[in-house]
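Q:
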Amino acid sequence: YIVRTIRIVTDSTTDVTDDTSSTTKSLSRSKVVLEVEATFVNQGNSTIGGVWKIEFQDDQSNTVYQTSIPLSLLPYQRYNAMKRNIHLTGVKLWWPHTMGEPYLYKANISFLIHNTATTPITIPAETSKNVVLSDHVTFSFGIRTIQTYIHPRTNGRAFEINHIPIFLQGGNWIATDAMLQYSTSYERYYDEVCLHREAGLNFIRIWGGGIAERPEFYNAADELGMLVMQEFWMTGDNNGRWGGSYDTPYDADLYLRQAEDTILMLRRHPSLLFWCGGNELWPRNKSPRTPIQLGLQKLMGKLDYDRFFILSSMDGGHWGLDYSDHDDDFALAVKDGPYGLLDPLTFFRENNPGLQQQQNGSSSILNISFQPEVGSSSMPQYESLLRMGLVQNAIMNDDDNKTNNALPTLDDENLPPLWSYHNFEGYSVKNMENNKSYNAIYQYGKPLSIKEFVARAQLACHQQYKSLIEGFTSKMFDDTSRGGKTAVTIWKTQTPWPSLRGFMYDWFLDLSGSFHGVTAGTGGKSVPIHVQLNLESMKIELVNRGRTNLNVSSSSAIVVDVFDIWSKHKFRQYFSFEHATSTLGSVSTSRDALSWPSSITDVSFVRIRSCIENVRDNWYWMRRINGVYSNDYSALGAWRDGKYGPTVKLDVNILDMKSPPNDGFLLRLKVMEGLVFYPTFTARNHVGDRVLPLFVDHMPMVILEGEELIVHLSLGKTAQINARGVKTIDIDMWAGERKTLFMPSWTSLRSS
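In terms of our numbering, the sequence shown opens at residue 74 and continues consecutively.
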């Protein structure tokens with residue numbers, strides 16, 4: 074799409090207005106046809122003769138197409154939707170980052186007039202000294218097509234990009250800030266969208282309880298290759314379903330005028346995948362009410378007719394799950410959720426994880442292919458908790474003046490008042506193997522301080538979100554009987570205020586265990602192939618979310634190694650796949666399951682390694698006894714507390730500095746003794762404050778004794794503006810002393 078985002082007002086008498094646009098009418102490997110659309114307004118009192126000039130440039134500013142169309146504009150007239158078909162060959166397509174490069178072209182749209190002409194000027198006259206520029210707009214655009222359909226295997230909503238099926242792995246976006254103080258900050262938008270890309274997600278849902286996001290957000294999504302589902306500002310929470318009134322919005326005409334402006338503002342962006350009327354609207358004959366429902370459909374048919382529009386994210390009766398009240402043309406799913414911690418095995422064992430109990434013990438009839446919301450608890454890092462005032466609040470709530478008594482208990486009780494206010498979500502889980510409850514934080518041993526409580530929560534969230542992503546992805550485009558999925562959308566990946574529930578990164582843009590878990594579950598940014606362990610079948614799965622088939626015929630395509638806490642190798646097994654080719658949009662399964670030795674009963678680190686190029690290692694920590702999972706990770710807690718396990722010695726130095734600052738720098742990490750588990754990195758300025766966000770390209774989860782690893786760190790755009798230079802880098806590990814690297818003055822990162 075090519076659409077101008079705002080109206081350009083100049084001193085000239087002719088404007089190119091807000092609905093300059095283009096539609097990709099057809100697409101093939103050899104050529105594309107673009108339909109360019111523009112609106113012109115003659116604000117003067119005389120007829121204007123001029124030329125509509127169209128120019129496209131590639132990312133190196135080379136002109137790849139230009140044309141000029143003579144026009145004559147009568148006084149005080151608006152010429153709407155003037156169209157021109159443009160044929161291009163040899164183009165580069167825009168792709169989501171998980172499938173390719175999000176290539177952008179630049180469009181220059183201008184109107185030239187002759188000082189004295191009242192009829193269309195001839196093309197050669199463009200170079201005349203009497204020809205002047207009346208108005209001009211410039212913007213980026215991408216060339217791509219989108220198709221949507223009901224998937225024949227999953228029986229749910231699915232999408233294709235440039236005729237290739239795409240499995241949507243995404244997150245729910247609320248707003249960049251509750252007070253909208255960042256709503257004009259391109260840098261903040263860019264960093265937040267970039268964090269989604271870094272986590273390996275390819276999709277963001279703009280939740281209907283917030284606002285339609287701004288061009289700054291969409292510009293970032295275009296550049297970074299992130300697909301977007303944009304909802305209009307309605308939600309069942311206050312539009313009648315669960316609260317408020319079905320009559321809202323009360324002024325339908327005003328609402329539809331705002332919707333029209335939003336469509337014109339956003340429709341040119343290649344990242345905009347589809348529109349949705351709102352969040353969890355129901356029933357169809359009441360929400361949205363008829364004038365708004367029909368008005369939105371009419372606007373779409375007029376202004377954005379070839380982009381998919383659906384009215385609601387979820388229907389299915391008042392609380393969902395009612396198939397007699399589900400319509401694939403009205404809503405994406407019959408039910409969403411759940412929103413609490415689940416046993417990691419649940420995501421692989423159940424077709425619709427966590428919803429089985431809501432169906433009286435049976436989920437066999439429940440088909441949720443496109444899941445718009447499913448999520449869990451999250452916990453900020455300790456320094457963010459301090460900044461929120463929640464550490465201080467917990468200590469003040471301690472009647473015995475002992476920090477450990479201020480902690481939430483094993484059953485998630487004894488919450489400090491402000492923790493509840495900030496939406497603390499409990500960590501109690503039911504074990505799928507023995508049906509007994511456990512606490513995902515206390516399974517690492519009882520924390521003795523708030524700091525240790527938070528540290529254990531990072532591991533709990535990592536394991537939770539990794540299992541969520543890998544469990545849903547395991548069902549990618551599978552049959553309905555096996556819970557086939559076309560999309561999974563985490564509730565939520567972004568928070569508009571300092572919260573204790575549902576986010577990958579906190580409001581301060583610091584990374585959390587949830588972020589690292591999602592990243593481990595996808596394989597990270599721009600990685601089309603991911604290898605994972607199915608926790609139910611114990612088979613290895615190769616996920617192909619790219620756009621090409623892959624040969625996996627090697628008898629040793631995958632090797633799994635098991636290490637103990639002392640970095641000692643305990644077991645190895647090779648795996649081959651049932652089929653020699655991994656087709657695009659598929660999950661290939663190994664012939665054999667992992668044969669876990671009965672002699673290994675302690676906490677272990679499991680590494681999946683592939684000989685396939687550009688496939689990253691995938692690490693797990695787990696414990697199995699007598700063929701079942703154990704949730705007793707107290708040995709890890711004792712290791713952190715210095716009561717058990719190996720001594721860890723890590724050597725760190727700067728390998729290379731990059732320039733400008735956003736290119737970051739390289740660190741060399743070498744384990745001299747022991748095993749490094751769960752390293753994290755913190756950049757600090759001259760007064761010791763965190764410099765956020767800090768991007769870590771492929772953060773390792775485990776580094777074995779003797780191994781050397783290169784880690785690339787870079788600053789986000791917000792950090793480059795706000796920071797006065799990085800003075801130190803802290804490297805923290807699960808067990809072992811913090812390593813602080815002092816940045817020499819000649820290598821300090823400075824804002825550009």
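Glycine included, each C-beta is placed from N, C-alpha and C at the ideal position.
In chain order, what residues of the same chain lie with their CB nearer than 6 angstroms to the CB of Glu-289, ignoring the 5 residues before and after it?
A: Taking the first residue of the sequence shown as 1, we reach residue 289 at position 216. So the list reads Tyr-259, Tyr-262, once near-sequence residues are dropped.
Q: Taking the DSSP output, what are the residues bridged to Ile-783?
A: Along the sequence shown, read from residue 1 onward, the residue named residue 783 stands at position 710. Residue pairing of Ile-783 in beta bridges, as defined by DSSP: Arg-741.
Q: For Gln-370 and Phe-382, I'd like the C-alpha separation in whole angstroms.
A: The residue labelled residue 370 in the question sits at position 297 within the sequence shown. The residue labelled residue 382 in the question sits at position 309 within the sequence shown. About 8 angstroms.
Q: Helix, strand or coil for Tyr-152, going by three-state DSSP, please let me know.
A: Residue numbering aside, residue 152 sits at position 79 when the sequence shown is read from its first letter. Here Tyr-152 sits in strand by DSSP.
Q: Quick one: residues in its chain with C-beta nearer than 6 angstroms to the C-beta of Thr-791, no 5 flanking neighbours on either side, listed in chain order?
A: Counted from its first residue, the sequence shown places residue 791 at position 718. The answer, listed in chain order, is Glu-260, Arg-261, Asp-264.
Q: From Ile-219 to Val-205, what does the alpha carbon distance come to, in whole angstroms?
A: To locate residue 219, count along the sequence shown from 1; it is residue 146. To locate residue 205, count along the sequence shown from 1; it is residue 132. Their Cα atoms are separated by approximately 39 angstroms.
Q: Is it buried or exposed for Met-373, if we count other Cβ within 10 angstroms and need 16 for buried?
A: For this step, residue 373 is matched to residue 300 along the sequence shown. Label assigned to Met-373: buried.
Q: Any idea which residues DSSP pairs Pro-175 with across the strands?
A: One-based indexing of the sequence shown puts residue 175 at position 102. For Pro-175, which the question treats as bridged, DSSP gives the partners Trp-167.
Q: Helix or strand or just coil, what does DSSP make of Gln-331?
A: Here residue 331 refers to the residue found at position 258 when the sequence shown is read from its first residue. Three-state result, Gln-331: helix.
Q: Please classify Ser-437 as buried or exposed, where buried requires at least 16 neighbouring CB atoms within 10 angstroms.
A: Position 364 of the sequence shown, counting from 1, holds the residue named residue 437. Confidence at Ser-437 is low in this model, with a pLDDT of 48, below 50, so the placement of that residue should be treated as unreliable; the coordinate-derived value is given next. The residue is exposed, with fewer than 16 neighbouring Cβ atoms inside 10 Å.
Q: Report yes if the CB atom of Ser-318 is closer than 8 angstroms to the CB atom of Gly-350, and no otherwise.
A: In the sequence shown, residue 318 corresponds to position 245, counting from 1. In the sequence shown, residue 350 corresponds to position 277, counting from 1. No, these two residues do not count as a Cβ contact at 8 angstroms.
Q: So, do the region 265 to 281 and the region 303 to 313 have three or more beta carbon pairs nearer to each other than 8 angstroms?
A: Yes, the region 265 to 281 is in contact with the region 303 to 313.
Q: May I ask which residues mark the beginning and end of the beta strand (DSSP E) holding Asp-770?
A: Locating residue 770 in the sequence shown gives position 697, where the first residue counts as 1. Per DSSP, Asp-770 belongs to the beta strand (DSSP E) from 767 to 770.
Q: Cβ of Met-387 within 8 angstroms of Cβ of Pro-343?
A: Position 314 of the sequence shown, counting from 1, holds the residue named residue 387. Position 270 of the sequence shown, counting from 1, holds the residue named residue 343. Result no, Cβ atoms of Met-387 and Pro-343 do not sit closer than 8 angstroms.
Q: Should the region 295 to 302 be regarded as contacting the region 266 to 273, the criterion being three or more beta carbon pairs within less than 8 angstroms?
A: yes
Q: What is the DSSP secondary structure of His-187, reduced to helix, strand or coil?
A: Numbered from its first residue, the sequence shown carries residue 187 at position 114. Note: His-187 maps to strand in three-state DSSP.
Q: From Gly-747 to Trp-492, what distance separates their C-alpha atoms?
A: Translated into the one-based positions of the sequence shown, residue 747 becomes position 674. Translated into the one-based positions of the sequence shown, residue 492 becomes position 419. So the two alpha carbons sit approximately 37 angstroms from each other.
Q: Specify the secondary structure class of Leu-376 as computed by DSSP and reduced to three states.
A: Here residue 376 is taken as the residue at index 303 of the sequence shown, counted from 1. Looking at Leu-376 - three-state DSSP - the assignment turns out to be helix.
Q: Would the beta-carbon of Ser-547 fall within 8 angstroms of that of Phe-648?
A: Numbered from 1 along the sequence shown, position 474 holds the residue referred to as residue 547. Numbered from 1 along the sequence shown, position 575 holds the residue referred to as residue 648. Cβ distance not < 8 angstroms, so Ser-547 and Phe-648 don't count as in contact.
Q: Return the first residue and the last residue of the alpha helix (DSSP H) that Tyr-511 is part of.
A: To locate residue 511, count along the sequence shown from 1; it is residue 438. Premise fails: Tyr-511 lies in the beta strand (DSSP E), 510 to 512, not in any alpha helix (DSSP H).
Q: By DSSP, does Met-338 sit in helix, in strand, or in coil?
A: In the sequence shown, counting from the first residue as 1, residue 338 sits at position 265. Residue state, collapsed to three classes: helix.
Q: With a 10 Å radius around its C-beta and 16 neighbouring C-beta atoms as the bar for buried, classify Pro-197 as buried or exposed.
A: Within the sequence shown, numbered from 1, the residue matching residue 197 stands at position 124. In this prediction, Pro-197 scores a pLDDT of 48, lower than 50, which makes its location untrustworthy; the coordinate-derived value is nonetheless stated afterwards. Pro-197 should be labelled exposed.
Q: In angstroms with no decimal places, state the Cα-to-Cα distance between Asn-699 and Leu-608.
A: Here residue 699 refers to the residue found at position 626 when the sequence shown is read from its first residue. Here residue 608 refers to the residue found at position 535 when the sequence shown is read from its first residue. Rounded to whole angstroms, Asn-699 to Leu-608 spans 15 angstroms at the Cα level.
Q: For Arg-811, count neighbouring C-beta atoms within 10 Å of its own C-beta (all shown protein chains included) and say buried if the count is 16 or more, exposed if not.
A: As a position in the sequence shown, residue 811 is number 738, starting the count at 1. Exposed, because fewer than 16 other Cβ atoms sit within 10 Å of the Cβ of Arg-811.
Q: For a quick check, are the C-beta atoms of Asp-803 and Arg-757 less than 8 angstroms apart?
A: Here residue 803 refers to the residue found at position 730 of the sequence shown. Here residue 757 refers to the residue found at position 684 of the sequence shown. In contact: Asp-803 and Arg-757 (Cβ atoms closer than 8 angstroms).
Q: Is Asn-352 helix, strand or coil when you go by DSSP?
A: Locating residue 352 in the sequence shown gives position 279, counting from the first residue. Reduced to three states, the DSSP call for Asn-352 is strand.
Q: In angstroms with no decimal places, state the Cα-to-Cα distance between Ile-681 and Tyr-138.
A: Residue mapping note: residue 681 aligns to position 608 of the sequence shown, counting from 1. Residue mapping note: residue 138 aligns to position 65 of the sequence shown, counting from 1. Spanning the two alpha carbons is a distance of roughly 48 angstroms.
Q: Exposed or buried, which one is Gly-123 when buried takes at least 16 other CB atoms within 10 Å?
A: Along the sequence shown, one-based indexing puts residue 123 at 50. Buried, since its Cβ has 16 or more Cβ neighbours within 10 Å.
Q: Measuring only the C-alpha atoms, how far is Pro-225 from Val-114?
A: Taking the first residue of the sequence shown as position 1, residue 225 is located at position 152. Taking the first residue of the sequence shown as position 1, residue 114 is located at position 41. For Pro-225 and Val-114, the distance between alpha carbons rounds to 48 angstroms.
Q: Give the range of the beta strand (DSSP E) segment to which Ser-442 is assigned.
A: Working through the sequence shown from its first residue, we reach residue 442 at position 369. Element bounds for Ser-442: n/a, residue is neither H nor E.
Q: Let me know the secondary structure DSSP gives Gln-303 once reduced to three states.
A: Looking up residue 303 in the sequence shown gives position 230. Here Gln-303 sits in strand by DSSP.
Q: Using only alpha-carbon positions, find the residue among Lys-165, Thr-140, Val-164 that is nearest to Asn-158.
A: Residue mapping note: residue 158 aligns to position 85 of the sequence shown, counting from 1. Among Lys-165, Thr-140, Val-164, the Cα nearest to that of Asn-158 is on Thr-140.
Q: Can you give the Cα-Cα distance for Met-816 and Val-527, rounded to whole angstroms?
A: On the sequence shown, position 743 is the one that residue 816 refers to. On the sequence shown, position 454 is the one that residue 527 refers to. Taking the straight line from one Cα to the other gives about 28 angstroms.
Q: Rank Gly-413, Arg-362, Phe-581, Asp-379 by C-alpha distance to the C-alpha of Pro-453 and give the top, closest one.
A: Counted from its first residue, the sequence shown places residue 453 at position 380. Among Gly-413, Arg-362, Phe-581, Asp-379, the Cα nearest to that of Pro-453 belongs to Phe-581.
Q: Of all the alpha helix (DSSP H) runs that stay within the bounds of the region 352 to 425, which reach a length of 4 or more residues?
A: 363 to 376, 419 to 422
Q: Where does the unbroken alpha helix (DSSP H) through Lys-524 begin, and where does it stop?
A: Position 451 of the sequence shown, counted from the start, is the residue given in the question as residue 524. Run containing Lys-524: 523 to 546, per the alpha helix (DSSP H) assignment.
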